[in-house]
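What follows is a set of notes on a single structure, which appears directly below.
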Amino acid sequence: MRSEARAAQPQTLEHVYTLFPRLRERQGQLAGTLSGGEQQMVAVGRALMARPSVLVVDEPSLGLSPLMTQTVFEALKAVNQEGVSILLVEQNVGLSLRLAGRAYVLENGQVVNTGTGAALLADPKVREAYLAL
1 MRSEARAAQP QTLEHVYTLF PRLRERQGQL AGTLSGGEQQ MVAVGRALMA
51 RPSVLVVDEP SLGLSPLMTQ TVFEALKAVN QEGVSILLVE QNVGLSLRLA
101 GRAYVLENGQ VVNTGTGAAL LADPKVREAY LAL
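Mapping of the sequence shown onto full-length UniProt numbering: residues 1 to 133, in sequence order.
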């Protein structure tokens, strides 16, 4: 951990607890005994403790309930609005595009479309192929 991140550790932990109040309630519990959603919160919170300028998040909604997924995505949105760039890899296209400033659609490892999240969300081809609307 960088020295400035270490110096700000108490404030950063408080910020993580603000993003994920459930973790404050569970602070004495071993992470391995938490639910999948709570473990995802711990993973994001742990990454934030280093006060990164870029956060890489891989499939944060995998195996989570819709409510937990929404909680995690709301926190990611707040972190991004605070100035942290987020590289998000996610199969939940609708949620991802609502969060993304810039998005890339991959098929078989190839970029097949790119644009702002809003533009791709409005694109009829993207909607038909990935949103089943």
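Ideal Cβ positions, reconstructed from N, Cα and C, are used throughout, including at glycine.
What you are looking at is a predicted structure, and each value in this text was computed from that prediction instead of being measured.
According to DSSP, simplified to helix, strand and coil, what is residue i?
i: Gln9; result: helix
i: Asn80; result: helix
i: Thr114; result: strand
i: Leu34; result: coil
i: Ala122; result: helix
i: Ala50; result: coil
i: Leu64; result: coil
i: Gln70; result: helix
i: Gln40; result: helix
i: Ala129; result: helix
i: Ala75; result: helix
i: Gly28; result: coil
Look at the Cβ atom of residue i, then the Cβ atom of residue j, and state whether they are nearer than 8 Å.
i: Gly94; j: Ala103; result: no
i: Met68; j: Ala5; result: no
i: Ala78; j: Leu19; result: yes
i: residue 158; j: Val111; result: A query on residue 158 cannot be resolved here, the shown segment of the chain reaching from 1 to 133 and no further.
i: Arg98; j: Leu62; result: no
i: Ser53; j: Ser3; result: no
i: Leu55; j: Ala47; result: yes
Quickly, what does DSSP pair residue i with across the bridge? List them, please.
i: Val105; result: Asn113
i: Gln89; result: The question names Gln, but residue 89 in the sequence shown is Val. DSSP lists Asp58 as partners of Val89.
Can you tell me the Cβ-Cβ gap for residue i and residue j, rounded? I've got them flagged as a contact below 8 Å.
i: Glu90; j: Glu59; result: 6 Å
i: Val72; j: Gln29; result: That belief does not hold up - the Cβ atoms of Val72 and Gln29 are roughly 18 Å apart, past 8 Å.
i: Glu38; j: Arg26; result: 6 Å
i: Gly36; j: Leu64; result: 6 Å
Taking residue i as part of the alpha helix (DSSP H), name the residues at either end of that continuous run.
i: Arg22; result: Pro21 to Glu25
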